[in-house]
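Enquirer:
Residue numbers (mature numbering (1 follows the signal peptide of the UniProt record, and there is no 0)): -19 to -1, 1 to 467.
Quick look at the structure:
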């Protein structure tokens, strides 16, 4: 596996270099089962599935339910799902449901009530969470040698899309984050360039707010209503880029240590203290935040390279002049590498009663027919070689070159599973500190408490066999997979 991982690490930047790639509610944000109006004209008037070869007209279609966190690609995927539902000859109807911030909580409830979808998009590390619970179906019996070859050498990697030697997902797209900023607001506030340091981030946000709040414009916002969603896309990425740890886990020691979060947490706290944050940002989900950005009311926020172009093209069309920039660090340099998320796309629910038909849908979701257009439209940086060989460079990268992956965007190893500390988790604590919660006012004490609680929970999980200690001697955050190949 060391050889395979090395191949994947070497090949990934080459593949990605020619490319571009998560409503708080228990209800689905969007539910797509029917064809759009154009296709609906040709649908049977009784709205029953059309008969096809080998499928008796009287036989009801098997409904395959897909849940995804992605919503930026809604327009494109609506058409593709409708096309499948109209044309497939396997008696399948896709029920495609989109969620945003409360994706994992909604999945938790669905699994608890035996109502989980057949296919799950791997948003917010869903595969890593649900594999140990037995909810992910291995795909080895479905993947033929030619299927595996389609994804290129080194495509299947332990603790990313493989666990204990079995494949649970295939590489689909990659993503990382950038600072999203409004160029028009910067110009109006007299700011020449996006911030490179954390101090500049605070100063820039304050300058925008001080000069433009009379127009309802503020310097910075983040979707803090969902702490994990907000901070996994922002401070986690800043910390790895700045040479720190991944989600608090130090691969060099095999222990949790949150000290490297201190500078960025202080910077975010300063933006709150100085009034530079968009009012009510602590209760914003990502889509309400985006509507405010599209309306020209927010100067900066941090989000995904794969999502924002589609959001402002289709979901919340805007005339605002916006661009992206590298994430700021403590001193403006990248002492580490920014975490690139990739290697997975969708996985199948092991409890599904229709795994064979779910696999047919998986094949469609990963097909060139779906993914070439997806890539060219700029909805995601597809990692499938057969797609990249045929697809044109997305206009999104031509328009905003900063969306393209760089040498500083690298794959990181997966952190240990099943670490469940008592009390609030790291993201809840971090947002509490930013908002000025009294119990977290002493940041050094707060970070030490997190370290103690996480390592206690980790030691317990290792002892009972539900987790494994991962240690890479000489781990270098500038080249995260190098130590893994020794």
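We put the CB at the ideal spot given by N, CA and C, even for glycine.
Output needed for residue 258: all residues of its chain with C-beta closer than 6 angstroms, excluding positions within five of it in sequence on either side, in chain order.
Expert: 201 and 252
Enquirer: What would DSSP say about residue 166, mapped onto helix, strand or coil?
Expert: Per DSSP, reduced to three states, the secondary structure at residue 166 is helical.
Enquirer: Taking the straight line between their C-alpha atoms, what separation do you get for residue 377 and residue 369?
Expert: 16 angstroms
Enquirer: Buried or exposed for residue 479, please, with buried defined as at least 16 other CB atoms from any protein chain shown within 10 angstroms of its CB.
Expert: The structure shown does not extend to residue 479, since the chain is modelled only from -19 through 467, so no value can be given for it.
Enquirer: Going by Cα to Cα distance, which pick from 338, 364, 247 and 344 is closest to residue 128?
Expert: Selected option, being the one with the closest Cα: 344.
Enquirer: Count the CB pairs spanning the region 447 to 467 and the region 217 to 230 that are closer than 8 angstroms, and state whether there are at least three.
Expert: Segments in contact, yes.
Enquirer: So, for residue 464: in the same chain, excluding its five sequence neighbours on each side, which residues have a beta-carbon less than 6 angstroms away from its beta-carbon?
Expert: Around residue 464: 453, 455 and 456.
Enquirer: Is the beta carbon of residue 197 closer than 9 angstroms to that of residue 278?
Expert: Yes, these two residues count as a Cβ contact at 9 angstroms.
Enquirer: Do residue 285 and residue 214 have their C-beta atoms closer together than 9 angstroms?
Expert: A Cβ-Cβ contact shorter than 9 angstroms links residue 285 with residue 214.
Enquirer: So, for residue 447: in the same chain, excluding its five sequence neighbours on each side, which residues have a beta-carbon less than 6 angstroms away from its beta-carbon?
Expert: Closer than 6 angstroms at Cβ, skipping near neighbours: 399.
Enquirer: Starting from residue 391, follow the beta strand (DSSP E) in both directions and report where the run begins and ends.
Expert: 390 to 392
Enquirer: Look at residue 325 and residue 120 and say whether their C-beta atoms are less than 9 angstroms apart.
Expert: The answer is no: Cβ separation not under 9 angstroms.
Enquirer: For residue 192, which residues in the same chain have their Cβ closer than 8 angstroms to its Cβ, ignoring the five residues on either side in sequence?
Expert: 169, 170 and 171
Enquirer: Check whether the region 38 to 57 and the region 77 to 88 are in contact - that is, three or more C-beta pairs closer than 8 angstroms.
Expert: yes
Enquirer: Considering only residues of the region 296 to 374, which uninterrupted beta strand (DSSP E) runs meet the minimum length of 3 residues and lie entirely inside it, listed in chain order?
Expert: Secondary structure remark: continuous beta strand (DSSP E) runs of at least 3 residues inside the region 296 to 374, in chain order: 303 to 306, 319 to 321 and 327 to 329.
Enquirer: Rounded to a whole number of angstroms, what is the C-alpha to C-alpha distance between residue 147 and residue 243?
Expert: Taking the straight line joining both Cα atoms gives about 38 angstroms.
Enquirer: Secondary structure at residue 36, three-state DSSP: helix, strand or coil?
Expert: At residue 36 the pLDDT is 39, less than 50, meaning the model places this residue with poor confidence and gives no usable figure here.
Enquirer: What would DSSP say about residue 190, mapped onto helix, strand or coil?
Expert: helix
Enquirer: Over what stretch of residues does the alpha helix (DSSP H) that includes residue 243 continue unbroken?
Expert: Note, residue 243: alpha helix (DSSP H), 243 to 254.
Enquirer: Roughly how many whole angstroms lie between the Cα atoms of residue 429 and residue 239?
Expert: 8 angstroms
Enquirer: Throw me the rounded Cβ distance for the residue 206 and residue 265 pair, which I believe falls under 8 angstroms.
Expert: So it is a contact: roughly 6 angstroms between Cβ atoms.
Enquirer: Using a Cβ distance threshold of 8 angstroms, determine whether the region 216 to 226 contacts the region 315 to 332, with at least three qualifying pairs required.
Expert: Taking 8 angstroms as the limit for Cβ pairs, the verdict is that the region 315 to 332 does touch the region 216 to 226.
Enquirer: Quick one: Cα of residue 104 to Cα of residue 110, how far?
Expert: 11 angstroms
Enquirer: Tell me the residue span of the alpha helix (DSSP H) that contains residue 414.
Expert: 407 to 415
Enquirer: Compare the Cα-Cα distances from residue 433 to each of 391, 405, 222 and 460 and report the closest residue.
Expert: Checked all of 391, 405, 222 and 460; the closest Cα to residue 433 is 405.
Enquirer: May I ask you to report which of helix, strand or coil DSSP gives residue 281?
Expert: strand
Enquirer: Return the CA-CA distance between residue 236 and residue 350, expressed in angstroms with no decimal places.
Expert: About 44 angstroms.
Enquirer: Whole angstroms is fine: what's the gap from residue 19's alpha carbon to residue 387's?
Expert: Summary for residue 19: the model assigns pLDDT 39, below 50, so the residue's position carries little reliability, and this model does not support an answer.
Enquirer: For residue 472, does the count of other Cβ atoms within 10 angstroms reach 16, so buried, or fall short, so exposed?
Expert: The chain is shown from -19 up to 467; residue 472 falls before or after that span and cannot be answered.
Enquirer: What is the residue span of the beta strand (DSSP E) that residue 43 lies within?
Expert: 43 to 49
Enquirer: Can you list, in chain order, the residues of its chain with a C-beta nearer than 6 angstroms to that of residue 407? Leave out the 5 residues immediately preceding and following it.
Expert: 229 and 431
Enquirer: Assign residue 7 to one of three DSSP states: helix, strand, or coil.
Expert: Note that residue 7 has pLDDT 37, beneath the 50 cutoff, so the model's placement of it is unreliable and the number below is only indicative. Note: residue 7 maps to coil in three-state DSSP.
Enquirer: Closest to residue 393 by C-alpha separation, out of 247, 178, 462 and 42, would be which residue?
Expert: 462
Enquirer: Please report the straight-line C-alpha distance between residue 92 and residue 339, rounded to a whole angstrom.
Expert: 17 angstroms
Enquirer: DSSP three-state label for residue 399, please.
Expert: coil
Enquirer: Residues bridged to residue 139 by DSSP?
Expert: 143
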